[in-house]
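A.B. asks:
Residue numbers (full-length UniProt numbering), protein chains in the order written: chain U, 1 to 416; chain F, 1 to 416.
(1) If we ignore side chains and look at the alpha-carbon of each, how far apart do residue 267/F and residue 319/U end up?
(2) Can you give me the C-alpha to C-alpha distance between residue 416/F and residue 343/F, rounded to a whole angstrom?
(3) Taking Cβ-Cβ distances shorter than 9 Å, what residues in chain U pair up with residue 212/F?
(4) Which term fits residue 241/U, buried or exposed, when burial requires 16 or more other beta carbons within 10 angstroms of its beta carbon?
(5) Mapping the DSSP letters down to three states, classify residue 287/F as helix, strand or coil.
(6) Taking the Cβ atom as the reference point for each residue, do residue 17/U and residue 43/U lie within a distance shorter than 9 Å?
(7) Is it buried or exposed for residue 413/U, if we count other Cβ within 10 angstroms and need 16 for buried?
(8) Between which two residues does the beta strand (DSSP E) holding residue 203/F run?
(9) Using only the alpha-carbon positions, how far apart do residue 209/F and residue 371/F sit?
(10) Quick check: what's the CA-CA separation for residue 141/F versus residue 95/F?
(11) For residue 278/U, return the contacting residues in chain F, with the cut-off set at a CB-CB distance below 7 Å.
(12) Using the beta-carbon count (16 or more within 10 Å), is residue 24/U buried or exposed?
(13) Output, in sequence order along the chain, the residues in the region 239-259 of chain U whose CB is closer than 7 Å to any CB in chain B.
(14) Kindly list the residues whose CB is nearer than 6 Å to the CB of residue 367/F, restricted to its own chain and excluding five residues on each side of it in sequence; keep chain order.
(15) Let me check one thing: in DSSP terms, what residues is residue 91/F bridge-paired to?
(16) Whose Cβ in chain U lies nearer than 7 Å to the Cβ of residue 356/F?
(17) For the beta strand (DSSP E) that residue 327/U lies in, which residues bound it at each end?
(18) Select from the region 180-197 of chain F all residues with a C-beta closer than 7 Å to any C-beta belonging to chain U, and list them in chain order.
(19) Helix, strand or coil: how does DSSP classify residue 217/F here?
(20) Report yes if the C-beta distance between residue 119/U and residue 392/U is below 9 Å; otherwise report no.
(21) Does residue 382/U come out as helix, strand or coil in the three-state DSSP assignment?
(22) Looking at chain U, which residues of the region 90-101 of chain F have a Cβ within less than 8 Å of any of its Cβ atoms?
(23) Just verifying my parser: in three-state terms, what is the DSSP assignment at residue 401/U?
(24) Is there at least one Cβ from chain U nearer than 9 Å to residue 261/F's Cβ?
(25) Which residues does DSSP list as the beta-bridge partners of residue 222/F?
(26) Which residues, in chain order, does the region 309-343 of chain U contribute to contact with chain F at a C-beta distance below 8 Å?
(27) Can you list the residues of chain F that residue 136/U reaches, using a CB-CB cut of under 7 Å?
(28) For residue 272/F, which residues in chain U fall below 8 Å Cβ to Cβ?
(29) Establish whether the CB of residue 222/U and some CB of chain F are separated by less than 9 Å.
(30) Near residue 11/U, what residues of its chain come up, given a Cβ to Cβ distance below 6 Å and the 5 sequence neighbours on each side ignored?
(31) Hey, would you say residue 410/F sits closer than 9 Å to residue 333/F, going by beta carbons?
(32) Could you give the distance in angstroms between the alpha-carbon of residue 353/U and the alpha-carbon of residue 14/U?
(33) Residue 269/U CB to nearest chain F CB: under 9 Å?
(34) Per DSSP, what kind of secondary structure is residue 74/F in: helix, strand or coil?
(35) Leaving out the 5 sequence neighbours to the left and right, which residues in its chain are closer than 6 Å to residue 279/U when beta-carbon positions are compared?
(36) Between the alpha carbons of residue 406/U and residue 75/U, how many angstroms are there, rounded?
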C-alpha cells in the first residue's frame, strides 16, 4: 500500500522558506553562494538534524541530509535538486525537489519506516548557473564532468570566485565531491515541468524517461545591401528575406520529426534602415530531440535545406554548430520505480522527456537516476510568476516517496 | 542635328570639384551648409559669371546661374540638382546633375547658341537631408510643400539651425524661394540611377517618366515567450517565426504586382536568448509602386495576408502605416523632349521610374519636369564607392542639352 506525505506541512515549508530572497512580486532571488543561499542551507541543515539525520556537505558545498537504513553497506538513495534560483526566479524551480526530499525523510520519520538503504536528501550547489557559469556545476563535479578546481575558479560578474564565496558562507566541506567515493545507490529528482505539456493535457504526474539532446548553431547569411526603392525584386540579394525563409524551413523540419523542436531565439540584420535591403543577417538555432540519432537527422535536413535556400535566393551562408549536449536516457529501474509508485497511488500520469537540463543529467552518469515532473502554471519558470498547485506538489511528493521505497525494496531483494 | 557637350571638360570638372569634402577613399563628405558646401558654391558662382551668366540665390540658398534667352517674358528653363552629399557620399549623386547643367551652359556659350527662353543651372540646397531633415527641403519650399520658416528652424545633430548656418556661409539671399514668383518654364534633372536596372540591361540612358509612390509601415507581432526545450511546437506562439512567414509573404506580394517592391529593412525580436522562443517581434515595411492605385492594392493584400498568418500562427499583430508619399508623374512635354533628344543622338535608352525621391518631385508641383538617368556602378549610391563611367556622363549631358533645346523650341513655337 502506498504511503502519503503531509501535504500541508510541505506547502508551509515551501511558503516559509521563500522568505530567504523573497521578492515583492512573490518570486525568489537567491543566487548561489549568496547570504540568502547560506540562510536557506542553515535552515535545511537544522531541519535535517531535527529528525535525527546525519548532515554533511562536500567540497563543492553539496549538502547531504542522511537518514540511516538497515544495511550500512549500501550507498544511500539520493533525492536531490537545488535551493538556488535565477535572479528573478520563483518559489518552485529546484526548491520543490529539495523540500520534497526533506518531506519524504520527515514522513519516513513520522511513520517510523525503516528502509534498507539510507535515504539522503541532497541540495546540489549552483544548479542555475546565473551567478557562476556553467549551470549544474556541482552535480557536474560529483558526476565527473568538471574538476573541483574548474568549479572553484568560476567568477561572478563582480569577479568574486566560486571557491572564495563557498568558503565565505561556510559550506566548503572536506567530504570529496566525487560520486565514486561519496556514492549514491540511485538518484531521484522531482521538478516542475517548466513546460506546458502536463498542464495542457491535465495530467498531474510526468514519469521522466530522459533529457533530450540539444545542439546550438550560429547561422550567418550574406547578400548585398541595396536601395529599397531603386532595386527591382529580381536583382536583390536580400539576406534578411533569405534568413526568414530559412527560419520557416527550420520550423517545418521540427514538425516533421517526432518530438523534435527547433527555435530561433536571436536575430540581427544589417545595416538596419527602413529603406535599405539588408545585406547581412545572423540568427541562432537551437535543435532538440530526445534521440541523438533523430537529432543528427534533423541537423542533416537543416544543413541541406538551408543550403538550397541560400542558392535559390542568391545569398551565401554559414551554418555552424557551437554546442552539443547528448541525450540522457534515465535508468529503467528508476523509471519503473516511479511508474510502480504512480500505479500504486492511482494517479493519472504520462511518460515525458525533459526539455531542460537538471542535476539528474550528471548523477545519471554514475548511478541509476530518474525524475518526476509536476505541472507548473502556463509552463513558466525562471520568472517571478512561476507557480504550482498545492495538490500537484503533494501528489508529486507522494510519487517520489513511494518510488524511493520501491527502489529500496528492489535493492533489498538484491535485484539490480 | 544634335549638338554635343565637351565630355573631357565635364569629366575634369567632376574630378576637380570633388576636392571640396573629398575623402581618402575617393568619396565626398559635403553635408549641406558646411564650409565645403560654401566652397563648391563659390566655385559654381564664379564659373557661371565666367561665361557671362547672371548669378543669384534665393532665401533658401538655391543658386541660379542664368544664361539669358531672346524672349525676356518667358521664365527660364531650369536644369537642377544638388551639390551636397551624404556624410559618406560619392562624387556623382546630385553633383553630376548640377555640373551637367553648367556644362550645358558652357556648351551653348562656346557654340554661340541663342535660346528662346533663358536657361538656368540650379543648385538646390540640402537635397540629402542627412545634416538637416527632411530631404529636398529647399526645392520643397520652392514647390510649396514646406514654409521658409519650417526650413530655417531645422536643426542639425549639434543643434545648429539651418537658417543660421545658411547665413553663416553667405548664401541667405533675398530673392523669394517661391516657384510662383521666381518661376521656371520647366525643370530637367540628370542623375545617376542609384539602382542596377540600366547597368544590368547595358542601357546608357533612362528616360524617367515619374517617381514611384512609397508607403512605410511598422508591424509588431506578439506571441508568448517560452522555453525552447520544454515547449512542444504545437503549443508555441512564436512571434519571430510568425514575423518570418509574414516577411516572406510581403516578398511574394511584391513579385505579384508589376514593378512592385517590398522591403523589410529593420527587425528586432525579444527577449533575444538562444533558448527562449521569442514572444515579441517588430519589423518595418517599405512598399513602393509607380502607380498609387496599385500600391493601394499591394497594401490591401499585405493587410489581408498578415492577418491570416497571425490567426493561423496564434499571434496578434499590428500593421500601421506611418508615412505616405504619392507617385509623381512627370510631364509628357518634358518626357517627350528627353525622348526626342535620345532619338536624335541615336543612343540606346529605356523608360524608367525613379525608385528614390529627387528635387524634381517638388519642381513637378509647379512646372513641367522630367529626368534623365545614367547607370552607376553596381547600382550603389550614398557610398564612397559610388561610381559612373565618363562615357555615360557625357552621353547623359548630351541628352540633357538637346532635351532642353527641344523643349525651348517647343516653347518658341507656342505649343504647350
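Note that CB positions come from ideal geometry on N, CA and C, so glycine has one too.
C.D. replies: From the atom records:
(1) 20 Å
(2) Annotation note: pLDDT 48 at residue 416/F (below 50); position unreliable, no value reported.
(3) 229
(4) buried
(5) strand
(6) yes
(7) exposed
(8) Looking at the DSSP string, residue 203/F is not in any beta strand (DSSP E), and its letter there is neither H nor E.
(9) 8 Å
(10) 20 Å
(11) 265
(12) exposed
(13) Absent here is chain B; the protein component of the structure consists of chains U and F.
(14) 184, 186 and 187
(15) When beta bridges are read from the DSSP output, residue 91/F appears opposite no residue.
(16) For residue 356/F, the chain U residues whose C-beta falls within less than 7 Å of its own C-beta are 227, 229 and 230, listed in chain order.
(17) Careful: residue 327/U lies outside any beta strand (DSSP E) and carries neither H nor E.
(18) Within the region 180-197 of chain F, the residues whose Cβ lies closer than 7 Å to some Cβ of chain U are 193, 194, 195, 196 and 197, listed in chain order.
(19) strand
(20) no
(21) Here residue 382/U carries a coil assignment [DSSP, helix/strand/coil].
(22) none
(23) helix
(24) yes
(25) Under DSSP, residue 222/F shares a beta bridge with 280/F and 316/F.
(26) Those would be none; no residue qualifies.
(27) Those within 7 Å of residue 136/U in chain F number zero; the least Cβ separation is about 14 Å.
(28) 265 and 266
(29) no
(30) 390
(31) Against a cut-off of 9 Å, the Cβ pair of residue 333/F and residue 410/F comes out as a contact.
(32) One alpha carbon belongs to residue 353/U, the other to residue 14/U, and they sit about 26 Å apart.
(33) Closer than 9 Å to some Cβ of chain F, the Cβ of residue 269/U qualifies, so yes.
(34) coil
(35) 223, 224, 225 and 239
(36) 16 Å
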